[in-house]
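**Student:** Quick mapping for you: the protein sequence lines, in order, are chains A and B.
Mapping of the first sequence onto the UniProt record's numbering: position 318 corresponds to residue 318, and the numbering continues sequentially without gaps.
Mapping of the second sequence onto the UniProt record's numbering: position 20 corresponds to residue 20, and the numbering continues sequentially without gaps.
Ideal Cβ placement from N, Cα and C applies to all residues, glycine included.
Take this structure, written in structure tokens, and hold onto it; I'll ask about it next.
2 protein chains.
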Amino acid sequence: MSNNIQEINEVQLPFQGGGGLVGSSVKVFAPATVANVVCGFDVLGFAVNEPGDEVIMRVTDKPGIVISKITGDDGRLPLDPTKNTVSVSVQHYLDSIGRGDIGLDIELHKKMPIGSGLGSSSASTVAGLFAIKTLMGDTTDPATLLPFAMKGEEMACGHGHADNVAPALMGGFVLIRSYEPLDVVRLPHPKDLWCAIVFPDVDVPTREARQIIRNKIAMKDAVTQWGNIAGLVSGLFMQDIDLIGRSMQDVLVEPVRSMLIPDFYKMREIAMSSGAVSFGISGSGPSVFAFTKDEETARSITQKLQAHLTGIKIGSNAYVSTINDAGPRVI
Amino acid sequence: MSNNIQEINEVQLPFQGGGGLVGSSVKVFAPATVANVVCGFDVLGFAVNEPGDEVIMRVTDKPGIVISKITGDDGRLPLDPTKNTVSVSVQHYLDSIGRGDIGLDIELHKKMPIGSGLGSSSASTVAGLFAIKTLMGDTTDPATLLPFAMKGEEMACGHGHADNVAPALMGGFVLIRSYEPLDVVRLPHPKDLWCAIVFPDVDVPTREARQIIRNKIAMKDAVTQWGNIAGLVSGLFMQDIDLIGRSMQDVLVEPVRSMLIPDFYKMREIAMSSGAVSFGISGSGPSVFAFTKDEETARSITQKLQAHLTGIKIGSNAYVSTINDAGPRVI
């Protein structure tokens, strides 16, 4: 974070009158995120180094937000600023600081698949918010942008959850301890924890993936789940990758959502027999991810999973990354 | 723990033939424990410095276990060695090491109330197991006794849970991440975390307290609960007492079990307005406990709670303690 704040200072944009900002521009990258993290449904997430989205934002002399360009979305995202999560959350932010009248031109460059379970809308939203924060010379903690980012999520997914936006915004591994009031805790993690992600190119809309989850669950399953999340959090603090792996079991959500993912259990078998520490669904899927203890194992697992998907005629994207502690950054 | 192992070495009792042990004796204290810890139903517990139980164990020349004396139980506990949790778990241990034929005389001195929600049976069982382990010169980690202690719990409470026996045996703050397979994690805690315990002298049998808990719960409540347990575990690792306090909320078990405890919510109000960090039920109750940041606050809270209970004509016991990291010890 401090690097970004440094850059803000260099471009000399402290909070100032509107006129002086016209023509200022910034380009920001914000990372993809893995939410839920198997046993932390709705409360855990972490950021990765790639993929991610880019926003180019320019202050104009004409009040209001214009989305002038979106690339990489196959025409799926709205250019209408009242319907796009980026502009909606940026507008909320501007309204909150009494600058709702400012003129902005936004370009959104999607560098990651939409509907992948990797926090695609969060990455865009966070990139937009970090861009406007940078332009406004706002040097407060990026975490203060969380409520605005959640507004964007609410529009994109039908619920204002924070398990993608919080890690995208703050970087690292993040716990959303509570939503009301919002209480977010940044967790440590082993530096040598690698993440292998594979996105099978099938359609699993977030809303539907949420609707199939049971509303009522057995207390004994909930006890299993919170034993596991407590174990995962302990493993993160203790830098104990084996404890992390043992704890990453989901008896509640995965058994249902895995039905929407082609050959999920076969992919698990491939990953676990190839040295993965854990394997599970990223967010609401269809992306899957494995933790490993080194890069080589992570790469080997993505290759094997992609080969398997090719064998059943499903295209895929793969990413290998450590956990991204920086969050969004000016590029 | 190392202190205890030291004492074992001093009395010169390494694993040896049966005859040489006859006449050897040991006196052991094992601590009371607070299980569940508000948001960690069935998976969290910690040990306190007082109260606790004592066992005096002597090797005799007549095969089989005799319970020669029990004090402090008002005649409620069985002297029959096949029905007492202490002798049953000790017998399991002896059978497991092929010494089921050894003769033992056991005195159990209850120094804490029975049916209090403070792990009374666990304290006795652990004292017995630590005594026989000491007599046998068994220097393995006390945690290895956990399966035997759980046998005792199973008989006492109708279920083999470990959230009292594990902290009584290992000391400190303990997470039972999983029961099958058994996976126990010792958690750190702030050194200046004080615990104020009040036992209102009313009857809440463990079995009944368990039976009133709902079998089916709402997913959204479970999410709240595991956000909180993840927050509590984070707070323990981060030595962040405020985060610990914020996280200690129970939307699932406390709303039901609190009905069995006289003026539970009034007591909470008294504790929280007197500087408590958190307040909740110990185990299945009726004991309640508060965390505080210092001893003085803890003592003031126990006094106010006891005065309130006296006002509604309910007797009580109170204990003030930091968390006991040592577990059982030879005295």
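1. Flag ASN317 (chain B) as yes if its beta-carbon sits less than 9 Å from any beta-carbon of chain A, otherwise no.
2. Measure the alpha-carbon distance for VAL90 (chain B) versus GLY52 (chain B) and round it to whole angstroms.
3. Straight-line CA distance for ALA218 (chain B) to ARG214 (chain A)?
4. Check whether the Cβ of ALA222 (chain B) lies closer than 9 Å to any Cβ atom in chain A.
5. Would you report the Cα separation of LEU21 (chain B) and LYS266 (chain A), rounded to the nearest angstrom?
6. Measuring alpha carbon to alpha carbon, tell me which of B:MET238, B:ILE197 and B:ASP203 ends up nearest residue 335 (chain B).
7. Spell out whether any CB of chain B is found under 9 Å from the CB atom of ILE176 (chain A).
8. Is there a Cβ from chain B that is less than 9 Å from the Cβ of LEU44 (chain A)?
9. On the premise that LEU260 (chain A) lies in contact with PRO286 (chain A), defined as a C-beta separation below 8 Å, what is that separation, rounded to the nearest angstrom?
10. Cα-Cα, which of B:CYS39, B:THR125, B:LYS293 and B:VAL37 is closest to LYS110 (chain B)?
11. Take LYS151 (chain A) and list the residues in its own chain whose beta-carbon comes closer than 8 Å to its own, dropping the five residues that flank it on each side.
12. Identify whether ARG214 (chain B) lies in helix, strand or coil by the three-state DSSP scheme.
13. Check the Cβ-Cβ distances between GLY231 (chain A) and every residue of chain B, and say whether any is below 9 Å.
14. Is VAL48 (chain B) near SER321 (chain B), with beta carbons less than 9 Å apart?
15. Quick check: the Cα distance between GLY45 (chain A) and ALA143 (chain B), rounded to an integer number of angstroms?
16. So, for VAL202 (chain A): in the same chain, excluding its five sequence neighbours on each side, which residues have a beta-carbon less than 7 Å away from its beta-carbon?
17. Output, in chain order, the set of chain B residues within a Cβ distance shorter than 9 Å of ILE213 (chain A).
18. Alpha carbon to alpha carbon, how far is ILE65 (chain B) from ARG99 (chain B)? Give it in angstroms, no decimals.
19. What's the gap between the Cα of ARG207 (chain B) and the Cα of ALA166 (chain B)?
20. Comparing C-alpha positions only, which one of A:CYS195, A:ASN324, A:GLN249 and A:ALA149 sits nearest to LEU94 (chain A)?
21. Count the other CB atoms, across all protein chains shown, that sit within 10 Å of the CB of ILE323 (chain B); report buried if there are 16 or more and exposed otherwise.
22. Rounded to whole angstroms, what is the Cα-Cα separation between ASP179 (chain B) and GLY283 (chain B)?
23. Counting only Cβ-Cβ distances shorter than 9 Å, please list the residues of the segment 230-249 of chain B near chain A, keeping chain order.
24. Between the Cα of SER234 (chain A) and those of B:GLN211, B:LEU175, B:THR71 and B:PHE291, spot the shortest distance and give me the residue it belongs to.
25. For the alpha helix (DSSP H) that contains GLY245 (chain A), what are its first and last residues?
26. I need the boundaries of the beta strand (DSSP E) containing LYS69 (chain A), first residue and last residue.
27. Can you find a CB in chain A that lies within less than 9 Å of the CB of TRP306 (chain B)?
28. Quick one: grab the DSSP three-state call for ASN3 (chain A).
29. Figure out for me which residue from B:THR224, B:PRO200 and B:ILE229 has the closest Cα to the Cα of LEU243 (chain B).
30. Helix, strand or coil for THR139 (chain A), going by three-state DSSP, please let me know.
31. Run the CB neighbour count on THR71 (chain B), radius 10 Å, all protein chains shown included, and call it buried at 16 or more, exposed below.
32. Quick check on CYS195 (chain B) - is its C-beta less than 9 Å from some C-beta in chain A?
33. Report yes or no: is there a C-beta of chain B within less than 9 Å of the C-beta of PHE279 (chain A)?
34. For GLY115 (chain B), which of B:THR297, B:VAL288 and B:GLY128 has the nearest alpha-carbon?
35. Give a yes or no on whether the C-beta atoms belonging to ILE132 (chain B) and LEU193 (chain B) are separated by under 9 Å.
36. Return the residue from the list B:SER24, B:PRO255 and B:THR224 that minimises the CA-CA distance to VAL59 (chain B).
**Tutor:** Straight from the coordinates:
1. no
2. 18 Å
3. 9 Å
4. yes
5. 57 Å
6. No statement about residue 335 (chain B) is possible, as the shown extent of chain B runs from 1 to 331 and does not include it.
7. yes
8. yes
9. 7 Å
10. B:THR125
11. VAL88, SER89, HIS92 and GLY160
12. coil
13. yes
14. yes
15. 33 Å
16. PRO262, PRO286 and ILE314
17. MET219
18. 12 Å
19. 20 Å
20. A:ALA149
21. buried
22. Note on residue identity: the sequence assigns Tyr, not Asp, to residue 179 (chain B). TYR179 (chain B) and GLY283 (chain B): Cα-Cα distance of roughly 18 Å.
23. ALA230, GLY231, LEU232, VAL233, SER234, GLY235, LEU236, PHE237, MET238, ASP240, LEU243, ARG246, SER247 and GLN249
24. B:LEU175
25. 241-247
26. 64-71
27. It should be pointed out that residue 306 (chain B) corresponds to Gln in this sequence rather than to Trp. It does not; no Cβ of chain A falls within 9 Å.
28. In this predicted model, ASN3 (chain A) has a pLDDT of only 33, less than 50, meaning its place in the structure is not dependable enough to derive any value.
29. B:ILE229
30. coil
31. exposed
32. no
33. no
34. B:VAL288
35. no
36. B:SER24
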